[in-house]
Ligand code: CO
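Residue numbers (the working numbering): 3 to 293.
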C-alpha cells in the first residue's frame with residue numbers, strides 16, 4: 003500500500019516536471035479558451051471541436067479550456083466528477099507553471115456580462131508584475147465585436163444555413179440574449195442580414211427581440227417552411243427545451259407551428275459545424291500581434 007502511494011507521488015511529481023518543462027519548451031506560449039460552458043454532456047463536442055481546431059492551428063502553444071459559468075462547472079463536477087477551471091484558476095495555474103505569454107480567447111457570442119467579467123479577471127492578472135506575473139497577457143474579443151466580426155458572422159451563417167432556405171424557406175436564429183447593453187449586438191446582426199436580403203430572423207430567449215418579434219417577421223415573410231437553429235456555440239439546454247421541445251406548448255417550435263408554419267428544428271450549435279473555430283483562430287492571431 004505504502005509503495006503504491008509512493009509510486010503515485012513519484013508519478014505526480016514526474017508529471018508536474020513534464021508539464022513545467024513543456025511550458026518552458028514551448029517558449030511559455032499559452033492559449034486559454036473561455037466558454038460559457040454547457041451542462042449537457044452530449045452538447046459539449048461543440049466546444050471541444052473549437053479546442054481541437056485551435057490546438058491544430060497553434061501547435062507551438064499549450065491550449066487549455068475554462069468555463070465562466072459557476073453553475074455549470076459545479077453541476078459538471080457533481081454529476082460527472084469532471085473539474086473544469088474558471089478563468090481565474092486556469093490563469094493562476096498557468097502563471098505558476100511558468101507560462102510567459104498567454105492569450106485568453108473568449109468563446110462568447112457577444113461582449114456581454116460573461117465577457118466583461120472575464121476582462122476584469124484578465125486585467126487583474128495583467129496588473130501582477132515582476133517574477134510572478136506574465137510578460138504578456140492579452141484578451142481576444144468574442145464572436146461579435148468589431149464590424150468585421152459581424153461581416154464574418156454573416157458569412158458563416160450564409161454558408162451554413164442559406165441552403166436550408168432554397169425553396170422559399172426562412173431560418174430563425176435563436177440567440178440567448180441579456181439585460182446587458184451588449185444585447186444590441188443581435189439587432190445589429192439582424193440589420194446586416196436584412197441589408198443582404200437574407201431570409202434569416204434573429205430572436206432571443208431571454209431578451210428583445212423575442213418570440214413575438216420573430217412571429218411578426220415570419221408573418222410578413224410567409225416562408226414555405228421555417229428552420230429553427232440555435233445562434234449559440236452549443237445546442238444545449240435552451241436549444242433542446244426552449245427551442246425544439248415539441249411536447250412543450252410554449253417552446254418556439256410549438257408556438258411557430260401554432261402560427262401555421264411548417265417548422266423543423268436543427269439541434270446544432272455554431273461550434274458543431276465548420277467555420278466557427280476559424281473565426282476565433284483569427285481573433286487569437288490578432289490578439290497575439292497586438293501591442
Ligand atoms: Co440561459
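Just so it is clear, CB atoms sit at the ideal spot from N, CA and C, and this is done for glycine as well.
Relative to the C-alpha of residue i, which candidate in the options has its C-alpha closest?
i           : options               : result
residue 308 : 266, 174 and 69       : Missing from the structure shown is residue 308; the chain here goes from 3 to 293 and no further.
residue 55  : 276, 87, 288 and 104  : 276
residue 132 : 176, 230, 195 and 102 : 102
residue 208 : 43, 195, 178 and 161  : 178
residue 136 : 259, 210, 105 and 176 : 105
residue 108 : 87, 145, 230 and 64   : 145
residue 45  : 158, 75 and 271       : 271
residue 140 : 124, 147 and 153      : 124
residue 281 : 31, 155 and 74        : 155
residue 284 : 142, 120 and 37       : 142
residue 112 : 183, 73, 244 and 50   : 183
residue 89  : 122, 198 and 134      : 122
residue 134 : 205, 213, 94 and 218  : 94
residue 115 : 185, 99, 264 and 128  : 185
residue 193 : 165, 214, 152 and 32  : 152
residue 159 : 149, 187, 286 and 191 : 191
residue 223 : 188, 232, 167 and 288 : 167
residue 148 : 157, 187 and 211      : 187
Please report the Cβ distance between residue i and residue j, rounded to the nearest whole angstrom; I am assuming they are in contact, meaning their Cβ atoms lie under 8 Å.
i           : j           : result
residue 253 : residue 171 : Not quite, the Cβ-Cβ distance comes to about 20 Å (not below 8 Å), so this is no contact.
residue 255 : residue 261 : Incorrect: roughly 11 Å between the Cβ atoms, too far for contact.
residue 229 : residue 266 : 5 Å
residue 163 : residue 202 : 7 Å
residue 220 : residue 263 : 6 Å
residue 239 : residue 42  : 6 Å
residue 211 : residue 189 : 7 Å
Could you tell me which residues DSSP puts in a beta bridge with residue i?
i           : result
residue 202 : 173
residue 50  : For residue 50, which the question treats as bridged, DSSP gives no partner whatsoever.
residue 142 : 107
residue 36  : 68 and 108
residue 267 : 230
residue 31  : 103
Determine whether the beta carbon atoms of residue i and residue j lie at a separation below 9 Å.
i           : j           : result
residue 65  : residue 84  : no
residue 117 : residue 71  : no
residue 321 : residue 200 : Past the boundaries of the shown model lies residue 321; the chain is included only from 3 to 293, so the question cannot be answered.
residue 174 : residue 258 : yes
residue 176 : residue 206 : yes
residue 235 : residue 48  : yes
residue 279 : residue 36  : no
residue 32  : residue 63  : yes
residue 73  : residue 97  : no
residue 204 : residue 195 : yes
Whole beta strand (DSSP E) elements within the region 60-111, 3-residue minimum: 64-69 and 103-108
In chain order, each alpha helix (DSSP H) run of at least 4 residues that lies wholly inside the region 189-243: 213-223
Contiguous alpha helix (DSSP H) assignments of at least 4 residues, all confined to the region 268-293: 278-291
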